[in-house]
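Below you'll find the structure, written out as structure tokens, and then a few comments.
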Amino acid sequence: MLEHLETINFDGLSIEYPPGDIVQQGLVAILIFLKECGINCDKISEINNKETLLKIETEERRQNDLLELEKTIKNHQQYELELQSLHNDNKKKLLVNLAEQQTKLEIEITKVQQEREINRSRLLSFIYDTEKDADGIIKEFLSTSEAERQTQAELLEREKNEQMGILSKCHNDQSASEKKIEEYTKYRDSNAQSLLSVELINNNHLAEVVKDQKKDRDDLIDKIKNDEILQKAALVGLLEKSDTRSWSIVQQVNLVQSQLVALTNIELERKKLQVNQQINDLADKQKDNSLFWLMQYQSLMEVRPQGLLEGLEPTLVRHVAIAGALHCLPFLSTLPGMLPHVTHDDLIEIGINNENDRCAVILAANNYLAEINMLDSSTTKINEPSTSDTNNQDNKSTMSSISSTECVVCFDSECQVIFLPCGHLCCCENCSNMVTTECPMCTLIQRKFKLENLNVQIIIYNKFPRFDCLLIDINNFSKY
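Numbering of the sequence shown is given in the numbering used here, commencing with residue 702 and proceeding in unit increments.
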């Protein structure tokens, strides 16, 4: 750029760099300054050749610039003069306005002062008038207060006269009331005397009445004493009659009791025979069942394969046959190894899938173990054919041990209760409390009576009215 630079026109520009003195020296001075600053500038020689031309041109331009500058300065000065003249005109106008405003303010101030003077004169005249009116009011008030004082004095005098009249009237009324009170006291005293006389008469009459009542009461007491002696004699006779009647009733009850004891013994014998017959029937049935299962066992033993049951004990096979699981014997060769604890899972493993068969085999195993334990302890020796005979003998001994006077429920206490209408004497008192609906030997219970003198309870049913009437006539009984 600087190589092709020929002229620089700075019209109307203010250059800060390069400095102004270098710029005024021309283009060559500017280029030299730039070269000294480290900027390479060639063709300076060519520029020196044209320096003269440039100087001429610059001079012309400078002159033109100076002319233009002078012209602008003149214009500017003229503009400033115009502004100053305008400012002076405005200042004059402002001073005139201020003077006018000052005169207006002075006029207004004088008006305000005049109004204040007028108001002050009005206020003074008003104060004078009010003072004059106040003097008149004070004079009028003084005159009215004097008149009021006179009227108040007259009123006080009148009130005093009225009080004196009222006091005199009250005094007269009090004297009249005292006279009335005196008359009333006299009348009351006379009435009290009359009432006392009447009360005295009534007291005398009451004393006579009380005396008559006392006399009647004494007569009545004497009469009651006489009647009491007669009643004692009658009561002694009635007691003698009741004693003889109760003795006869007791004798009748004892007779009935003995008869009922005999009937009860007969009934017990009949019951014993029935029980013995039932026991014999059960023994026969059990014997037949035992023979049937033994025959089944014998037939099974005959038809069993060789070597199948060599590992099983005959007692275990017998219990299996009694339990009804003979068809499971081919699966039970390992059963002795499972004892004493045989479970359903063990039986399922050996091929027994039916639940009823498993239960029968477990029952047979438990019976077999029980029999082995009993044989080992030597406490009882059980034989299947002789079981029915031993049971029969036990039942017979039990029935034969029942006495005619023992309770058929507990077999410990004596019989103390008679059940009616069946007439069975078969229960003690404690057991009869537990038996509330029916006789231990036959029918239903309706009622119970306790005879304390006989220590016997009679339980009465609705079919025995004769004994019901008999017990109601007895004096010493308690019903429950």
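We put the CB at the ideal spot given by N, CA and C, even for glycine.
Can residue i and residue j be called in contact, C-beta distance under 8 Å?
i	j	result
residue 1032	residue 1049	no
residue 1108	residue 1128	yes
residue 1023	residue 1065	yes
residue 1021	residue 1062	yes
residue 1040	residue 1076	no
residue 1016	residue 968	no
residue 1134	residue 1114	no
residue 958	residue 1119	yes
residue 729	residue 760	no
CA-CA distance, residue i and residue j?
i	j	result
residue 838	residue 806	47 Å
residue 720	residue 764	21 Å
residue 1110	residue 1141	8 Å
residue 1096	residue 973	Summary for residue 1096: the model assigns pLDDT 42, below 50, so the residue's position carries little reliability, and this model does not support an answer.
residue 799	residue 772	40 Å
residue 881	residue 893	18 Å
residue 915	residue 899	25 Å
residue 814	residue 828	21 Å
residue 1028	residue 1056	14 Å
residue 812	residue 787	37 Å
residue 789	residue 818	43 Å
residue 847	residue 853	10 Å
residue 777	residue 810	48 Å
residue 935	residue 949	21 Å
residue 930	residue 1139	52 Å
residue 923	residue 907	24 Å
residue 769	residue 733	30 Å
residue 996	residue 985	16 Å
residue 902	residue 891	17 Å
residue 874	residue 887	20 Å
residue 824	residue 803	31 Å
residue 863	residue 871	12 Å
residue 784	residue 766	26 Å
residue 1068	residue 1078	15 Å
residue 990	residue 979	16 Å
residue 1042	residue 982	37 Å
residue 816	residue 841	37 Å
residue 954	residue 988	50 Å
residue 876	residue 869	11 Å
residue 738	residue 782	47 Å
residue 843	residue 879	53 Å
residue 836	residue 867	46 Å
residue 791	residue 797	10 Å
residue 884	residue 913	44 Å
residue 951	residue 925	37 Å
residue 919	residue 905	21 Å
residue 831	residue 857	38 Å
residue 801	residue 808	11 Å
Candidates the options: which alpha carbon is nearest residue i's?
i	options	result
residue 1126	924, 961, 1042, 850	961
residue 725	879, 755, 737	755
residue 1202	1046, 938, 1059	For the chain, the structure presents residues 702 to 1181; residue 1202 sits outside this window and is missing.
residue 965	992, 981, 1117	1117
Can you tell me which residues form a DSSP beta bridge with residue i?
i	result
residue 1128	1118
residue 970	For residue 970, which the question treats as bridged, DSSP gives no partner whatsoever.
residue 1107	1115
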